[in-house]
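The structure appears right after this line, and notes come after that.
Residue numbers (this note's numbering), protein chains in the order written: chain A, 11 to 330; chain B, 8 to 283.
Have a look at this one:
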């Protein structure tokens, strides 16, 4: 089978958006790309390891606050503040994960939710550091003056420059995640999802693997959060609220769990749909809920699964 | 105390159906809205408030039954994630439907005339209505407990919580039983909303707030455990109020920390039983 290099093509296409699209499309694309990273990081847990986290927004929020605080209050350059988001979110994921992975299924989900709500409560109330209920507006853009010196992108706005940085960083993160999933480590996660007991039998330290997946997912969610805080020009406590966790879970499901690019597709579909629908009705949650119901009953594999099914139906007659 | 009503419904559904019902908070909100609507039509005087509250709860119960019968039933035996997300989708749809019907304005119901007075205790003023709710909570808890322990349906429900296949094999119509469990749980949620409507303003968004609170209560007390839920509601109330008294800024934090601590030490809750 001929392999189309889809991934590089998508990255190139994404990089071209500011050049061909309007400011609005760049904004939209930026939104999609950050959410894609967030959803993919969750998929590492839900799709590959079979751990349903209901508090993934916690790490997103931690990342956003880390980058936001470092850049706004301490004037730390983006180059340091961005990885710090991943490190701190990963550290919290390690701390929380130590407790979470000891529980199974529904209790795991509940505990991740509890931790996420703790994070949210802290962000909501700790006025001195997080700005409390008001959040922290006006997170500065990173210093991207050097991009003005580059050819091609010289004339673009700062927001476009930041967009390009986002594309590159997210592509890098996704590439790393892809490597992780395809590595022996990633295979082992899938084994744990399919049959944790058997994995234990063949000598796998299941909890340690789950914890590692949890930390990785948390760290990448943190990175996504760090980017989002800057993109959104502010960090607010509801980044860590449980409704955010369910939103990203829906994206993952919509795109298809367990397929690597599914969550990204889900992020794209959901955000575009949101834009379209919000423009003529205020009842977006209603539509979202309906989509979700249809999805759950009709296409449990998500969009990715549905496409795959469609593909198989289309292809089979030719082969036969 | 009203939190207990809501949490009891949540706990009931979890105990029997093994599903966390995100839509439960929405049932609570719908109960409040339905009561408001009925009050608009009938007024509150002459004991009509009780009719409207009951009516509101019944409407919600009927809705819950229909949803279980026609939609939720198909998801049994599927991944928990699907069930969870379905209830979440339901919450989104219903709360938006409520917004369409009643708008985003706050709605308030006046207290029933029988209970508009207030009691003066040690300088504090406690409205009769609040007092009534405080007394009603345990009363409903007791009634509910009697139903669960002493009646045939209660026995079936408890049996279904333990082992649904065996119960089905013994000739009990488990499907119908589940529907009734859902109806009963929705009724409790709706009743919670209906009774709270004279005390708090009914607004969109009250559902997402309350569902998290109810989760905390149920988790602390023990998922599926009846007295656990009662205990959980009491603890939650105490922690929240004393938290507000002593460290006003960290009371919410304390509540969730408590929830996490309980989950870590005894994931099945203070009075719950471990699953299987």
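We put the beta carbon where it would ideally sit given N, CA and C, even for glycine.
This structure is a prediction, so every number in the text was calculated from the model and none was measured.
{"Asked": "Any C-beta of chain A under 8 Å from that of residue 214(B)", "Found": "no"}
{"Asked": "Nonlocal neighbours in the same chain, by C-beta distance under 8 Å from residue 246(B), ignoring five residues either side", "Found": "258, 261, 262 and 265"}
{"Asked": "Inter-stretch contact (C-beta, 8 Å, three-pair minimum) for the stretch 104-119 of chain A and the stretch 56-65 of chain A", "Found": "yes"}
{"Asked": "Any alpha helix (DSSP H) of 4 or more consecutive residues that is wholly inside the stretch 148-208 of chain B", "Found": "159-169, 171-176 and 181-203"}
{"Asked": "Euclidean distance between Cα positions of residue 140(B) and residue 94(B)", "Found": "28 Å"}
{"Asked": "Contacts of residue 36(B) in chain A (Cβ-Cβ under 7 Å)", "Found": "Those do not exist, as residue 36(B) stays about 13 Å from chain A at its closest Cβ, beyond 7 Å."}
{"Asked": "Close Cβ partners of residue 249(B) (< 6 Å) along its chain, the five nearest in sequence each way excluded", "Found": "none"}
{"Asked": "Residue environment, residue 329(A), which counts as buried when at least 16 other CB atoms sit within 10 Å", "Found": "Summary for residue 329(A): the model assigns pLDDT 43, below 50, so the residue's position carries little reliability, and this model does not support an answer."}
{"Asked": "Residue 275(A) in three-state terms, based on DSSP", "Found": "helix"}
{"Asked": "Residue 267(A) (DSSP reduced to helix, strand or coil)", "Found": "coil"}
{"Asked": "Contact with chain B by residue 135(A), beta-carbon distance below 8 Å", "Found": "yes"}
{"Asked": "Chain A within 8 Å of residue 18(B), Cβ atoms only", "Found": "no"}
{"Asked": "Neighbour flag for residue 299(A) against chain B, beta carbons, 8 Å", "Found": "yes"}
{"Asked": "Reduced DSSP secondary structure (H/G/I, E/B, other) of residue 245(A)", "Found": "strand"}
{"Asked": "Chain A contact for residue 56(B) (CB, 8 Å cutoff)", "Found": "no"}
{"Asked": "Proximity of residue 99(B) and residue 273(A) at Cβ, strictly below 8 Å", "Found": "no"}
{"Asked": "Chain A within 8 Å of residue 107(B), Cβ atoms only", "Found": "yes"}
{"Asked": "C-beta atoms of residue 269(B) and residue 226(B) nearer than 8 Å", "Found": "yes"}
{"Asked": "Helix, strand or coil at residue 87(A) according to DSSP, with G and I counted as helix", "Found": "coil"}
{"Asked": "is_contact[residue 253(A), chain B] using C-beta, thresh 8 Å", "Found": "yes"}
{"Asked": "Amino acids of chain A, ordered along the chain, whose beta-carbon sits closer than 8 Å to that of residue 97(B)", "Found": "299 and 303"}
{"Asked": "Test: residue 238(B) CB closer than 8 Å to a CB of chain A", "Found": "no"}
{"Asked": "Residue burial classification, residue 19(B) (beta-carbon count within 10 angstroms, cutoff 16)", "Found": "buried"}
{"Asked": "CB contact below 8 Å: residue 127(A) versus chain B", "Found": "yes"}
{"Asked": "Residue 295(A): contacting residues in chain B (beta-carbon distance under 9 Å)", "Found": "98, 99, 100, 102, 103 and 106"}
{"Asked": "Proximal residues, the stretch 253-282 of chain A versus chain B, C-beta separation under 8 Å", "Found": "253, 256, 259, 260 and 263"}
{"Asked": "Under 9 Å from the C-beta of residue 172(A): neighbouring residues of chain B", "Found": "The contacting residues do not exist; residue 172(A) stays about 32 Å from chain B at best."}
{"Asked": "Short Cβ contact (8 Å threshold) for residue 62(B) with residue 37(B)", "Found": "no"}
{"Asked": "Other residues of its chain near residue 155(B): CB distance less than 7 Å, five sequence neighbours each side excluded", "Found": "161, 164, 165 and 233"}
{"Asked": "Nearest-angstrom Cα separation, counted from residue 91(B) out to residue 169(A)", "Found": "38 Å"}
{"Asked": "The stretch 249-264 of chain A / the stretch 48-57 of chain A touching (three or more Cβ pairs under 8 Å)", "Found": "yes"}
{"Asked": "Presumed contact (8 Å Cβ cut-off) between residue 216(A) and residue 206(A), rounded CB distance", "Found": "5 Å"}
{"Asked": "Nearest neighbour of residue 16(B), chosen from 202(B), 206(B), 212(B) and 190(B) [CA to CA]", "Found": "190(B)"}
{"Asked": "Residue 62(A) at chain B interface by Cβ criterion, 8 Å", "Found": "yes"}
{"Asked": "Alpha helix (DSSP H) segment containing residue 185(A), residue limits", "Found": "168-192"}
{"Asked": "Backbone secondary structure at residue 134(B) - three-state DSSP", "Found": "strand"}
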